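Inspection log for the structure reproduced underneath, given as structure tokens.
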Amino acid sequence: MLVKGKYKYQYSTVNLKASVAKRFRLFSKKITKSHSETLTVIMDFFEWHGVNPSKQFGKSIIQEILKNRARTDTSIKRNEATIAIIRDIEINQTKPNNAMLLSLFGANAKEQKPIKKEKKRIEKKEEATAEIEITVPKIRYERLTEKMEHITKDYGYILNKIEVVKSNFGKEYLKLNISKSELEKFKRILNKV
Numbered sequence: 000m001l002v003k004g005k006y007k008y009q010y011s012t013v014n015l016k017a018s019v020a021k022r023f024r025l026f027s028k029k030i031t032k033s034h035s036e037t038l039t040v041i042m043d044f045f046e047w048h049g050v051n052p053s054k055q056f057g058k059s060i061i062q063e064i065l066k067n068r069a070r071t072d073t074s075i076k077r078n079e080a081t082i083a084i085i086r087d088i089e090i091n092q093t094k095p096n097n098a099m100l101l102s103l104f105g106a107n108a109k110e111q112k113p114i115k116k117e118k119k120r121i122e123k124k125e126e127a128t129a130e131i132e133i134t135v136p137k138i139r140y141e142r143l144t145e146k147m148e149h150i151t152k153d154y155g156y157i158l159n160k161i162e163v164v165k166s167n168f169g170k171e172y173l174k175l176n177i178s179k180s181e182l183e184k185f186k187r188i189l190n191k192v
């Protein structure tokens with residue numbers, strides 16, 4: 000239905016209760032100029048935020064608030080990271096370059112304060128580790144020395160049993176002159192250590 004000169008678009012009627020229509024007219028005056036624009040804004044609001052007015056309204060709004068809070072938290076973290084990067088660039092790249100340029104062109108580089116550098120903490124750690132002494136209980140030390148004596152004795156015995164054999168057709172090789180039982184004994188001793 001077209002009304003000449005008043006509207007540039009087609010319109011249709013909707014049947015509403017008189018009390019609802021009166022309330023809508025008052026609400027529409029607060030928001031926009033026409034009733035059509037008010038309904039459009041309301042429908043856009045519900046569609047944009049994914050809210051269904053027939054369902055429980057409170058839960059969906061709380062979910063939207065939580066989503067927005069998570070988005071703002073991530074954006075704050077990103078902003079803090081970019082600020083840290085910019086500060087690092089300023090300290091490590093811009094100031095030293097400016098100081099070098101000023102010193103090249105003979106500007107008053109001596110009047111400026113020197114750039115402070117962080118002290119290396121590695122040196123302190125090395126000194127601290129050099130001061131630490133490792134202590135072993137006396138009983139354990141005695142047992143270790145006994146084992147060491149037995150091991151050196153056994154290896155001395157084995158070295159004495161090795162002979163150099165000269166071959167007619169190849170390189171010289173080493174021959175171990177011990178019995179199988181002695182070999183098994185030395186293997187067991189090595190497995191215990």
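Residue numbering for the sequence shown is 0 to 192, as defined by numbering that gives the first Met the number 0.
We treat Cβ as the ideally placed atom computed from N, Cα and C, and that holds for glycine.
The structure displayed is predicted, hence computed values, not measured ones.
Check whether residue i and residue j have beta carbons under 8 Å apart
i, j, result
"ILE161", "LEU175", "yes"
"SER27", "THR37", "yes"
"ILE177", "ASP153", "no"
"PHE185", "ILE157", "yes"
"GLU166", "TYR172", "It is worth fixing the name first, because residue 166 is Ser in this sequence and not Glu. The answer is yes: Cβ separation under 8 Å."
Sequence-distant residues of its chain with Cβ nearer than 8 Å to residue i (five each side left out)
i, result
"VAL40", "ILE30, THR31"
"ASN14", "none"
Where the beta strand (DSSP E) containing residue i begins and where it ends
i, result
"VAL164", "161-164"
"LYS174", "172-175"
Opening and closing residue of the alpha helix (DSSP H) in which residue i lies
i, result
"LYS32", "Careful: LYS32 lies outside any alpha helix (DSSP H) and carries neither H nor E."
"LEU189", "179-191"
"ASN97", "94-103"
Same chain only: Cβ atoms within 7 Å of residue i, ignoring 5 sequence neighbours per side
i, result
"ASP72", "none"
"VAL19", "none"
"TYR8", "none"
Cβ shell of residue i (< 6 Å), same chain only, five flanking positions each side left out
i, result
"ILE75", "none"
"ARG86", "none"
"PRO95", "none"
"GLU63", "HIS48"
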